[in-house]
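Protein chains in written order, with the numbering used here: chain P, 62 to 123; chain H, 13 to 680.
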């Protein structure tokens, strides 16, 4: 993933109040997607993990 | 990482059987020039090369595969491509082998990553290379000469599409689509609530998904058709241009008419832009608006506002010991002042009021009761009339040219016209199919009224969210919305930043490559590259300048992506005059580590002199079929040393510089 995309993703996550682990999980998922390394059930499982992390962040924010 | 093309092998295909070995700067020649007589298979080789590299050849239709069959009655064919990869001085080689079964219209794709590993079934490029050899990326460094124009054409998006492909923005877009699909499935399947409202929402969602599939399918089909028609139109335009050029002063007159139309269209565009800008002025809505605002200003003036008084008293009670009257500032006096100063204005407020008064004054003084707008509309009307006249002149010129040409050539004019109409119809259909709007509430159950796949997709998202909320999945809906928002925001901002960096890099490279004093650069990177100089816009440069801009752009994209690829160009110097071809010839070897140019005979003059003057080593290749019309070449080849040429069952590839220079290969 190009470093600018990484940086902008970090900024966007920060602005939406997402935590570092959530940012890391989204970044890893996009990165694997760009490298054509993830699809099918693996993609679904990773997405579910990202949703769980986001929901966790949202519950902390109250 | 640096990637070079080492070898191409062709057998049983629409081009001569051959083994073509290329060089790069490290192996002795950055510039590889390949000449072939017309209809020998230049385009075939480039198409096979691009589709093999990206692996897209595996998705070709049986008919497309069959169309690559050799003229000989052979039902098997093979195309192989060997690349060398230098990853931080770690050298490796990879070979893609495509075997054709023309009888069934199938291909078998294999990859050979090393001698030891042997052939593996499928497309297996190194992981770090995969992102850069998608169809869209390969199109960046493997292109037809006319792509140069597409990068700077304001009606096209090729420049932005290149960035999207090369830096993974397109992949992010398809990832967002996958997220949407996943979420829709989650909501549709995961609902734990069973009631009539949820069930009917699910049915409606299913219907919109069907509608979306239908419209998206249509859009994709029409897009493919549009590309085909555009290519045919280009070829037909070239053919028509050839017929006109053969007539007396044909080429000059054609160019003059085409320029007149282009200029007139540009004037219309500029005039309408000025009208729109003027219309944005709110004071144009009514003359009364300005008059009344001026009255308010007068009232504000008469009010003699106690400007800055509050700030004065605030500072006084904070810093001074005595009041302005000389008496001591007692607690009682301070309390009294504090209670009174709220009704006075401070510095910030008075500044705002003064600013408003000033703006009203300027607007009032500049107001010209719409005279300026009238004059702008009058200019627009004149420019539209001038454009229509220029178009009529061009049509009359083309009609004359058609009348002067022979019967068989007249068909070329008619075909071009018919193809143009087909192209316009497709353009309109694509616009309708991709119109971005929100389906209105009354039409949400009238699916047939929606003809845009984007609007249909919007409905799917809306219904999924509604269904999620109805199904006690509010947190999932919110998490999904947040994930989409984060990715979309990163996508939008990074696209703009990467475009900005590529613009700066391209301009640096333009400066390196063009002669001193050449006034051309990229002014703005919209969806296309807006050329100009010092902020002034320019629609296009000279033929040579456009080529330098395009090559500089490709180099900048590759540099920003930290990867080097060969630049493979069909017709690299069309539309470039003699002196500039010479200049480009002298510069080309310095631009890339490997340049493979498929030259046509008309591009040689000037360019070859320039190449010679550069003093750089060049790989000269001449490829032709063994057939009667090439007898003159075959006779000469047979007098050469055997190591200078490769002879197959139906073709000859010659590496001799002298042979290349002395023998032009063009139309028979």
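Positions of the beta carbon are idealized from the N, C-alpha and C atoms, including for glycine. All values derive from a computational prediction rather than experimental measurement.
- In this chain, residue 507 of chain H is not harboured by any beta strand (DSSP E); it is covered by the alpha helix (DSSP H) spanning 486-525.
- For residue 174 of chain H, the enclosing alpha helix (DSSP H) begins and ends at 170-178.
- Secondary structure of residue 609 of chain H (DSSP, three-state): strand.
- Residue-level contact by beta carbon fails for residue 652 of chain H and chain P, as no gap is shorter than 8 Å.
- Near chain P, meaning a CB-to-CB distance below 7 Å, the residues of the stretch 120-151 of chain H are 139, 142 and 143.
- When only Cα atoms are considered, residue 617 of chain H and residue 294 of chain H end up about 59 Å apart.
- For the C-beta of residue 190 of chain H, the chain P residues within less than 9 Å are, from N- to C-terminus, 94, 100, 104 and 108.
- DSSP places residue 37 of chain H in the coil class of the three-state scheme, outside both helix and strand.
- In this structure, the alpha-carbon of residue 74 of chain P lies about 26 Å from that of residue 173 of chain H.
- Cβ contact annotation for residue 507 of chain H (same chain, cutoff 6 Å, sequence separation greater than five): 181, in chain order.
- In the DSSP annotation of this structure, residue 220 of chain H is not part of any beta strand (DSSP E); the continuous alpha helix (DSSP H) holding it starts and ends at 208-257.
- By the Cβ neighbour-count rule, residue 447 of chain H is exposed, with fewer than 16 other Cβ atoms within 10 Å of its own.
- In summary, the residues of the stretch 494-515 of chain H whose CB is separated from some CB of chain P by less than 7 Å are 494, 495, 497, 498, 501, 502, 505, 506, 509 and 510, in the order they occur in the chain.
- Fewer than three Cβ pairs drawn from the stretch 526-538 of chain H and the stretch 84-93 of chain P lie within less than 8 Å of each other, which leaves the two stretches out of contact.
- Taking a Cβ-Cβ threshold of 7 Å, the residues of chain P close to residue 490 of chain H are 119, in chain order.
- In this structure, the alpha-carbon of residue 405 of chain H lies about 14 Å from that of residue 414 of chain H.
- Bounds of any alpha helix (DSSP H) do not take in residue 51 of chain H, whose DSSP letter is neither H nor E.
- Residues of the stretch 177-189 of chain H with a Cβ closer than 7 Å to any Cβ of chain P, in chain order: 179, 180, 183, 184 and 187.
- By the CB criterion at 8 Å, residue 141 of chain H and residue 15 of chain H fall inside the cutoff.
- Contact check for residue 564 of chain H and residue 601 of chain H: beta-carbon distance about 15 Å, past the 8 Å limit, so the pair fails to qualify.
- The criterion of a C-beta distance shorter than 8 Å is satisfied by residue 213 of chain H and residue 479 of chain H.
- Ranked by Cα distance from residue 233 of chain H, the options H:207, H:442 and H:665 are led by H:442.
- Secondary structure note for residue 432 of chain H: its alpha helix (DSSP H) is the uninterrupted segment 419-445.
- The contact set of residue 73 of chain P on chain H, defined by CB atoms closer than 7 Å, consists of 498, 501 and 502 in chain order.
- Inter-residue distance for residue 77 of chain H and residue 146 of chain H is about 20 Å (C-alpha atoms, whole angstroms).
- Classified as exposed, residue 85 of chain P has fewer than 16 neighbouring CB atoms from the shown chains inside 10 Å of its CB.
- Under DSSP, residue 592 of chain H shares a beta bridge with no residue.
- Residue pairing by DSSP places residue 104 of chain H opposite H:97 in a beta bridge.
- Between the stretch 109-117 of chain H and the stretch 83-91 of chain H there are three or more inter-stretch CB-CB distances shorter than 8 Å, so the stretches are counted as touching.
- Rounded to the nearest whole angstrom, the C-alpha separation of residue 98 of chain P and residue 438 of chain H is 36 Å.
- Residue 160 of chain H places its beta carbon 8 Å or farther from that of residue 624 of chain H.
- Taken in chain order, the unbroken stretches of beta strand (DSSP E) that lie wholly in the stretch 115-197 of chain H and span 3 residues or more are 118-124, 131-133 and 154-156.
- DSSP, reduced to helix, strand and coil, places residue 545 of chain H within a strand of the structure shown.
- With a cutoff of 8 Å on beta-carbon distance, residue 67 of chain H and residue 155 of chain H are scored as not near each other.
- Secondary-structure assignment with DSSP links residue 581 of chain H through a beta bridge to H:155 and H:609.
- Annotated three-state conformation of residue 80 of chain P is coil, per DSSP.
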